[in-house]
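> These protein sequence lines map, in sequence, to chains A and B.
When the letters of the first sequence are read in order and numbered with my numbering, they come out as residues 1 to 307.
When the letters of the second sequence are read in order and numbered with my numbering, they come out as residues 1001 to 1307.
Number of protein chains: 2
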Amino acid sequence: MKFAQLEALLKVVETGSFSNAALELDQAQSAVSYNVGELELELGIKLLERGRFGAKENDSSKDIIPHIRAIQQHIAAIEQISSSHKKGKKGIVGSLKIATFRSAAGRILPPILSSLRKKHPKLRFEFVDFATADNSLGNSEQMLKQHIADIAFIEYDIPLQDSSDLITWEVLKDEYQVITVKDDSRKSLTWEEIAQEDLIMDMHDECAIRVHAHFESLGLSNTPLYRVPQDSTILRMASEGLGIGILPKLAIDELPKTAKIIPTATVLERGIGVSILPSMLKVPAVRAFLSCLKAMYPDSAIPALDL
Amino acid sequence: MKFAQLEALLKVVETGSFSNAALELDQAQSAVSYNVGELELELGIKLLERGRFGAKENDSSKDIIPHIRAIQQHIAAIEQISSSHKKGKKGIVGSLKIATFRSAAGRILPPILSSLRKKHPKLRFEFVDFATADNSLGNSEQMLKQHIADIAFIEYDIPLQDSSDLITWEVLKDEYQVITVKDDSRKSLTWEEIAQEDLIMDMHDECAIRVHAHFESLGLSNTPLYRVPQDSTILRMASEGLGIGILPKLAIDELPKTAKIIPTATVLERGIGVSILPSMLKVPAVRAFLSCLKAMYPDSAIPALDL
DNA sequence: GTGCATCTATCAAATTTTTTGATAGATAAT
DNA sequence: ATTATCTATCAAAAAATTTGATAGATGCAC
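(1) By Cβ distance below 7 Å, which residues in the same chain neighbour L1308(B) in space, the five residues on each side in sequence not counted?
(2) Out of curiosity, what's the CA-to-CA distance linking A238(A) and V181(A)?
(3) Check whether the region 94-109 of chain A touches the region 146-159 of chain A, taking contact to mean three or more Cβ pairs, one atom from each stretch, closer than 8 Å.
(4) Using the beta-carbon of each residue, which ones in chain A are nearer than 9 Å to M1237(B)?
(5) Excluding five sequence neighbours on each side, which residues of the same chain lie with their C-beta closer than 7 Å to the C-beta of S1083(B)?
(6) Could you give the DSSP three-state label for E38(A): helix, strand or coil?
(7) For L1281(B), tell me which candidate among H1074(B), L1025(B), N1020(B) and S1061(B) has the shortest Cα-Cα distance.
(8) Please work out which residues of its chain come closer than 6 Å, Cβ to Cβ, to L309(A), disregarding the five sequence neighbours upstream and downstream, and give them in chain order.
(9) Should K1011(B) go down as buried or exposed, given a rule of 16 or more other Cβ atoms within 10 Å for buried?
(10) Give a single yes or no on whether P278(A) has its beta carbon closer than 7 Å to a heavy atom of the ligand GTP.
(11) For F49(A), which residues from the same chain have a beta carbon less than 7 Å from its beta carbon, with the 5 sequence-adjacent residues on both sides left out?
(12) With DSSP as the reference, identify every bridge partner of W1169(B), one or two as the case may be.
(13) Among residues of its own chain, excluding the 5 on either side of L1113(B), which ones have a beta-carbon nearer than 7 Å to its beta-carbon?
(14) Quick one: grab the DSSP three-state call for D1202(B).
(15) What does a CB cutoff of less than 7 Å around L189(A) pick up in its chain, not counting 5 residues either side in sequence?
(16) The alpha helix (DSSP H) spanning A1070(B) covers which residue range?
(17) Look at the alpha carbon of F289(A) and the alpha carbon of R117(A), and state the distance between them as a whole number of angstroms.
(18) Does any residue of chain A bring its CB to less than 8 Å from the CB of P1278(B)?
(19) May I have the straight-line CA-CA distance separating A208(A) from L160(A), to the nearest angstrom?
(20) Contact between the region 1169-1177 of chain B and the region 1239-1257 of chain B is defined here as three or more beta-carbon pairs at a separation below 8 Å; is this criterion met?
(21) When you compare only the Cα positions, how much space is there between E1042(B) and L6(A)?
(22) Can you check whether the C-beta of H67(A) is within less than 8 Å of a C-beta belonging to chain B?
(23) Against chain A, does F1003(B) count as a neighbour if the rule is that its beta carbon must be under 8 Å from one of theirs?
(24) Can you pull the chain A neighbours of G1037(B), defined as C-beta to C-beta under 9 Å?
(25) What residues in its chain sit with their C-beta under 6 Å from that of K294(A), if we drop five residues either side in the sequence?
(26) Are the CB atoms of R1287(B) and L1305(B) nearer to each other than 8 Å?
(27) By the three-class DSSP mapping on this structure, what secondary structure does V1267(B) have?
(28) Just how far apart, CA to CA, sit N20(A) and H214(A)?
(29) Give the secondary structure of K119(A) by DSSP, where H, G and I count as helix, E and B as strand, and everything else as coil.
(30) Our contact map puts I1380(B) next to S1163(B) with C-beta atoms below 8 Å; I'd like the distance itself, whole angstroms only.
(31) Going along chain A in order, which residues have a C-beta closer than 8 Å to the C-beta of E1079(B)?
(32) Cβ closer than 7 Å: which chain B residues qualify as neighbours of A70(A)?
(33) My assumption, with CB atoms under 8 Å, is that I78(A) sits in contact with H1067(B). Please give the rounded CB distance.
(34) Grouping DSSP H, G and I as helix and E and B as strand, with all else coil, what is L96(A)?
(35) In this structure, does DSSP put I1158(B) in helix, strand or coil?
(36) With the cut-off set at 8 Å, would you say I1278(B) and D63(A) are in Cβ contact?
Here is the structure:
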């Protein structure tokens, strides 16, 4: 079994066709065909469903592809380790795949990445998107276990519990905030009062679900008046007095001048954390990232690693 | 980076020389030299210390080799998955690397393996030895994390605790037994009484340490009169009346006709368990093994897997 | 239904990579 | 000093992969 064959298979699945894969691999289409063919021959099974449309994975390759990605991760690790053993080393080379969601990508990552880049100018980053509207633990677990991501940011309500095959810890807590118009004179709002208001909430986000659950747990109910697709729209609408916006603090990029935040009587917050596979603790790029994260959030319970 | 290059490096390290590696790889020595050389060229670092003696790993390759083994495991998994997707499948093909210690190898494994072989006649087994006299958790952890073994048997005194990156569970408890001569008429022995006796114990084994610790915890002390290198010798000596033997039940292959077991007033036992990396739960050979293990020990808490 | 566009498979030739066998050079032990 | 045992290197041979061209298959538009 050759690594090039596995890579060809993976690229075909990722791009949906032999021709696209060839393009990305900088090869002739016949080379991709040959490589996948050889692999199928060696393994004795068909690995792809071919058709007019191109090619797509079948049951066999579905099971195999996570292993190919894992192998790629190990190869990346070998390259990183090697470069770290070089004399004239200029930081880690390679690429770090980070699964993230909006607030993490927008507010948490930038300072970390910029500090990381100073030490490791050759390190590249790849963001992998959670499927829209689902960045709960379940999904990030898949991202890590299928070796699509090296590191995953997660958000959650309930306290983190140890999973036996993932290392997960909290980085910070993010408080939900109530956004209203500038001239709203109330000093504080209880959730009972909030439930009376016209609410403007996100259409897809976890947050809306979480706030809804919180209402339920208090025996309250509220169907948001507006369900909008973007956090920035929530802000704008709330600042126009169309209703009350509820957003986690980190999701508020810039508060409009005509808007205002009113504290809630009791705090509702989400946790934001990071998750990795235990084996990644030995990969230089991952270690470097965690080291920066720790510098940024010294209190976060990053697992013991001699950084 | 080619898989053949990584394999060559690994074999050189394992066999201690390019020439031996070539022999095992069925290649010319120059091919091994070429492959390792190419790898060193690509990674830009020396990977081996060469000399009159052959070649041995250096700091760089020490870090890299676990990743090579991990890649091999993934390739094995791909092969197993493929063969399980074949039509005329005749069981799983491949090889299962089991880290074990004497009692497990001698008393627990045989029935499991023979049942496993019935279903999967093409499956091979490889036993990897714990370094002599150390089969405690720490070591099996290394075996698994360095991808030297797929499955590890362990023994332990204290209750198992969850480690965040290993799945470990108890298979059975194994009671320590006191072996004496046939005509010893005592019906039962307390540990206080045992401490008074001349003891015959194993020289290398974990067990001796554990029994010693047990004495200490009771405020007793006893330096064994004989420290012998083999369990069977303990039995023979005890049966000759040279002293009292202490052995876990599973370590007693066959009780000599002139020997006898006296129950202890309070039971001292060791746990015997199994440990794997979470990712191995998806590997067919490992699943098959665990399935057999479960059939043999229905009460053991094998982690949920849809077998 | 015909023709078109888009896909994969296949072929022979060209190219590249890997292996081989022979040998040189290095080094420790006798 | 000799020998045995190791690795590196070289040119030639063998094997593999890649290429470019083309055939064949299949859905889609008209």
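Using N, Cα and C, we set each Cβ at its ideal position, and we do this for glycine too.
Predicted model only: the values in this text are computed from it and were never measured.
On the basis of the data shown:
(1) The question about residue 1308(B) has no answer here: the residues shown for chain B are numbered 1001 through 1307.
(2) For the purposes of this step, residue 238(A) is taken as the residue at position 238 of the first sequence. For the purposes of this step, residue 181(A) is taken as the residue at position 181 of the first sequence. Their backbone Cα atoms lie some 6 Å apart in a straight line.
(3) Touching, yes.
(4) For this step, residue 1237(B) is matched to residue 237 along the second sequence. The contacting residues do not exist; M1237(B) stays about 44 Å from chain A at best.
(5) In the second sequence, counting from the first residue as 1, residue 1083(B) sits at position 83. Within the same chain, S1083(B) has close Cβ partners K1089, I1092 and V1093.
(6) Here residue 38(A) is taken as the residue at index 38 of the first sequence, counted from 1. Helix at E38(A).
(7) Taking the first residue of the second sequence as 1, we reach residue 1281(B) at position 281. With distances taken between Cα atoms, L1281(B) lies closest to H1074(B).
(8) With chain A covering 1 to 307 only, the question about residue 309(A) has no answer from this structure.
(9) On the second sequence, position 11 is the one that residue 1011(B) refers to. K1011(B) is buried by the Cβ-count criterion.
(10) As presented, the structure is devoid of all ligands, the ligand GTP included, so that no description of it is given.
(11) Sequence index remark: in the first sequence, residue 49(A) carries index 49 (1-based). Per the sequence shown, the amino acid found at residue 49(A) is Glu instead of Phe. Hits under 7 Å: A55, K56 and N58.
(12) Here residue 1169(B) corresponds to residue number 169 of the second sequence, with the count starting at 1. According to DSSP, residue pairing for W1169(B) in a beta bridge involves V1274(B).
(13) For the purposes of this step, residue 1113(B) is taken as the residue at position 113 of the second sequence. Excluding sequence neighbours, L1113(B) sits near F1125.
(14) In the second sequence, counting from the first residue as 1, residue 1202(B) sits at position 202. In this structure, D1202(B) counts as strand in the three-state DSSP scheme.
(15) One-based indexing of the first sequence puts residue 189(A) at position 189. Once the five neighbours on either side are set aside, the close Cβ partners of L189(A) are V178, I262, T264 and A265.
(16) Numbered from its first residue, the second sequence carries residue 1070(B) at position 70. In the DSSP annotation of this structure, the continuous segment of the alpha helix (DSSP H) that includes A1070(B) starts and ends at D1059 to H1085.
(17) For the purposes of this step, residue 289(A) is identified with residue 289 of the first sequence, where counting begins at 1. For the purposes of this step, residue 117(A) is identified with residue 117 of the first sequence, where counting begins at 1. Distance between the alpha carbons of F289(A) and R117(A): 10 Å.
(18) Taking the second sequence and counting its residues from 1, one reaches residue 1278(B) at position 278. With respect to chain A, the C-beta atom of P1278(B) has a partner C-beta closer than 8 Å.
(19) To locate residue 208(A), count along the first sequence from 1; it is residue 208. To locate residue 160(A), count along the first sequence from 1; it is residue 160. Cα-Cα distance, rounded: 20 Å.
(20) Contact holds: three or more Cβ-Cβ distances are below 8 Å.
(21) Taking the second sequence and counting its residues from 1, one reaches residue 1042(B) at position 42. Taking the first sequence and counting its residues from 1, one reaches residue 6(A) at position 6. E1042(B) and L6(A) have their alpha carbons spaced roughly 20 Å apart.
(22) For the purposes of this step, residue 67(A) is taken as the residue at position 67 of the first sequence. Yes, H67(A) counts as interfacial toward chain B.
(23) Residue 1003(B) sits at position 3 when you count from the first residue of the second sequence. Chain A, which has a Cβ nearer than 8 Å to the Cβ of F1003(B), makes this yes.
(24) Counting from one through the second sequence, the residue named residue 1037(B) turns up at place 37. Those within 9 Å of G1037(B) in chain A number zero; the least Cβ separation is about 15 Å.
(25) Residue numbering aside, residue 294(A) sits at position 294 when the first sequence is read from its first letter. Its chain contains I302 as the residues whose beta carbon lies nearer than 6 Å to that of K294(A), once the 5 sequence neighbours on both sides are disregarded; these appear in chain order.
(26) Working through the second sequence from its first residue, we reach residue 1287(B) at position 287. Working through the second sequence from its first residue, we reach residue 1305(B) at position 305. Between R1287(B) and L1305(B), the gap from beta carbon to beta carbon is short of 8 Å.
(27) The residue given as residue 1267(B) occupies position 267 in the second sequence. V1267(B) falls in the coil class under three-state DSSP.
(28) Taking the first residue of the first sequence as 1, we reach residue 20(A) at position 20. Taking the first residue of the first sequence as 1, we reach residue 214(A) at position 214. Going by the C-alpha atoms only, they are around 47 Å apart.
(29) As a working mapping, residue 119(A) is identified with position 119 in the first sequence. Collapsing the DSSP output to three states places K119(A) in a helix.
(30) As shown, chain B starts at 1001 and ends at 1307. That puts residue 1380(B) outside it, with no answer to give.
(31) Here residue 1079(B) refers to the residue found at position 79 when the second sequence is read from its first residue. The answer, in chain order, is M1 and L43.
(32) Sequence index remark: in the first sequence, residue 70(A) carries index 70 (1-based). Residues of chain B passing the Cβ test: H1074.
(33) Translated into the one-based positions of the first sequence, residue 78(A) becomes position 78. Translated into the one-based positions of the second sequence, residue 1067(B) becomes position 67. With a Cβ gap of about 5 Å, I78(A) and H1067(B) count as contacting.
(34) Walking along the first sequence from the start, residue 96(A) turns up at place 96. In this structure, L96(A) counts as strand in the three-state DSSP scheme.
(35) For the purposes of this step, residue 1158(B) is taken as residue 158 along the second sequence, with counting starting at 1. DSSP, read as helix, strand or coil, puts I1158(B) in coil.
(36) Translated into positions along the second sequence, residue 1278(B) becomes position 278. Translated into positions along the first sequence, residue 63(A) becomes position 63. Note that residue 1278(B) corresponds to Pro in the displayed sequence, not to Ile. Judged by beta-carbon spacing, D63(A) lies beyond the 8 Å limit of P1278(B), meaning their Cβ atoms are not closer than that value.
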